[in-house]
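Residue numbers (the working numbering): 1194 to 1693.
Structure first, then comments.
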Amino acid sequence: MSLKNLAAILDPTAPDDRPLIIQLSPAGDEELRLSYGEGRRRIANLARGLLKHGLRRGEAVAIVAANSADYLLLYMATMAAGLVSVCVNHKLPRETVAHIMTDSTVKLAVADAERAPLVSELVPTVHLEELDALIDPGPFQAVDMKPEEVAMVLYTSGSTGLPKGVPLTHGGYIWATTATPEQRPGIEGRKAIIAAPLFHMNGLFSAKLVMLNGGTIVLMTGFTAKGYIRAIDRLRIDMVTSVPTMLALVMRETEALAEADLSCVTIAVTGSAPSTPEFFEQMHRLFPKAETANSWGTTESGPIAFGPHPDGIAKPAGALGYPRKGLELRLVDGDADQGVLHIRTPALMTGYLNREADTKKRLIDGWYDTGDVMRRDARGFYFFVGRADDMFQCGGENVYPGEVEKLLGRHPDVAQVCVVPVRDEIKYQLPVAFVVPRPGVRPSEDALRRFALDNGPAYAHPRAVWFVDELPLAGTNKIDRKALVNRAAATFARDAERRV
């Protein structure tokens, strides 16, 4: 395959008989195995079929489906054919999915049976279960693409309005997947489990790195904590990829963990959401022989921004890492060592699709405003502080929920926590917290509030603490902060009425 095409990331040196994808059910049962040789042939046959179907270079093909081996192969085939792959978050409301289809001018959708009704009345649709209808057997040479040509369009989560389309180019993502290999652990011939949805950057980029390095993708069609544990144990997984909420759910399955041996894991990577040093201590206990890392990146600027220090200095607890080669960072709207992170990278988008105003707001003279507040220490390591748009004011003081969550996460009885604001006539906004306790403990609200007062600024301590069995998740497996803001407003008002 041509190195000018992002589909070239399928490792050409991997032997034909090496497993490429092992597909598992949510319970962790094996559904199929596909070798590199079979994968190469199916990608070629699908690419030929897409073009025979009448699609032209640069036209968009939407994938609206749960995780599967065919999802990944179709994604690769679309780009190999010079088409644009649009990975659609099928958990969004029907009208939002319709917006995505129109916004990205999709010409063909491939959807599994459960999700086909979302799109079948909007564009021509092929059922994923009948994907063989697109097959055109024969060899295929990937189309030579210019570096600036779009390979795929991913959509932001839409937590503050309609999702925004992010066009990503062949050249940018060839750089993203191949640059600075010293910052990426070698996984040739090793198994990596992926359970995050493939419409999100976390799972999709993890899969590409595995394919690039000749590893085997153990792909769950849907995440369950027990199935995840079972798969790692039974298949002797080498590399774990996840978002923190997934691992937090895994950590609660004490019975399943007691019966499993997870010492096979040597690399455990989490990302897409911040994690505390205490959370990484729990990860070390979960995977005692693994090197752990918190990956940070954005859809708009590229998925991996930080890695090891070039001088071999050990990464401090809680740090994201040291900036990787080939990108530029700056901190603004703060001081020299803390502020909103702006980034410039070869993988940077050229702008949001059909959203000129949003593009001007976020792309400033070639720099992308990430909206993430970061702190940099004297050795150049970066630490996540919080989202600038999550920050709120309490009595004139800036409160970053992420910092309060880190503080409460240090309490031995806390498994997960999310801090959000509620309205207040005097202070303007007050912090409140939703807490998932560790299994087998019953912390009190007073104890956690006192812990926050004793260990952090008084203005940032939660004025109410509500204990819940689990935190709601958005479609990307991140905590649904917007849902908790709404829930907090209603609960705080009701509690206030009771106090009166």
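Beta carbons are placed, not taken as given, at the ideal position from N, Cα and C, and that holds for glycine.
Owing to the predicted nature of the structure, the values given are computational and were not obtained by experimental measurement.
Residue i burial status per 10 Å Cβ neighbour count (16 or more: buried)
| i | result |
| --- | --- |
| A1326 | exposed |
| L1285 | buried |
| S1278 | buried |
| V1359 | buried |
| P1437 | buried |
| K1245 | exposed |
| I1506 | exposed |
| V1612 | buried |
| P1205 | exposed |
| H1535 | buried |
| K1671 | buried |
| K1401 | buried |
| T1410 | Reading the sequence as shown, one finds Ile at residue 1410 and not Thr. I1410 is buried by the Cβ-count criterion. |
| K1482 | exposed |
Nearest-angstrom Cα separation, counted from residue j out to residue i
| i | j | result |
| --- | --- | --- |
| P1470 | G1242 | 49 Å |
| R1250 | F1499 | 34 Å |
| D1337 | A1270 | 14 Å |
| A1240 | P1310 | 25 Å |
| V1678 | C1587 | 16 Å |
| D1558 | F1577 | 24 Å |
| L1600 | A1640 | 13 Å |
| A1653 | G1490 | 27 Å |
| V1433 | L1412 | 11 Å |
| C1457 | P1650 | 42 Å |
| P1177 | P1624 | The question about residue 1177 has no answer here: the residues shown for the chain are numbered 1194 through 1693. |
| G1633 | P1665 | 21 Å |
| V1290 | A1335 | 30 Å |
| V1629 | A1451 | 21 Å |
Range covered by the alpha helix (DSSP H) that runs through residue i
| i | result |
| --- | --- |
| A1262 | A1262 to A1273 |
| K1419 | A1418 to L1428 |
| L1601 | P1594 to G1602 |
| W1489 | Unbroken run through W1489: none, as it is neither H nor E. |
| F1473 | P1470 to L1479 |
| I1497 | Neither: I1497 is in no alpha helix (DSSP H) and is coded neither H nor E. |
| V1403 | M1394 to L1405 |
| E1549 | E1549 to R1555 |
Range covered by the beta strand (DSSP E) that runs through residue i
| i | result |
| --- | --- |
| E1577 | The question names Glu, yet the displayed sequence has Phe at residue 1577. Element bounds for F1577: Y1575 to R1580. |
| S1300 | For the sequence presented, residue 1300 should be read as Lys rather than Ser. Residues V1299 to A1304. |
| R1568 | W1560 to R1569 |
| Y1652 | No beta strand (DSSP E) holds Y1652; DSSP gives it neither H nor E. |
| E1223 | E1223 to S1228 |
According to DSSP, residues forming a beta bridge with residue i
| i | result |
| --- | --- |
| E1484 | I1460 |
| N1591 | Q1586 |
| S1435 | T1463 |
Distance CB(residue i)-CB(residue j) smaller than 9 Å
| i | j | result |
| --- | --- | --- |
| L1522 | Y1575 | yes |
| V1316 | A1258 | no |
| S1488 | G1527 | no |
| A1453 | S1435 | no |
| V1699 | V1254 | Shown here, the chain extends from 1194 to 1693; a query on residue 1699 therefore has no answer. |
| A1220 | G1420 | yes |
| M1580 | V1597 | As written in the sequence, residue 1580 is Arg, which differs from the Met given in the question. For R1580 and V1597, no; Cβs fall outside 9 Å. |
| F1398 | P1501 | no |
| F1627 | V1615 | no |
| H1393 | N1282 | yes |
| L1217 | G1232 | no |
| Y1264 | L1391 | yes |
C-beta neighbour in chain B for residue i, strict 9 Å
| i | result |
| --- | --- |
| L1428 | Note that chain B does not occur in the displayed structure, where there is just one protein chain. |
beta-carbon residue i near the ligand MG non-hydrogen atom, thresh 8 Å
| i | result |
| --- | --- |
| A1686 | Questions concerning the ligand MG fall outside what the structure shown contains, since it holds no ligand whatsoever. |
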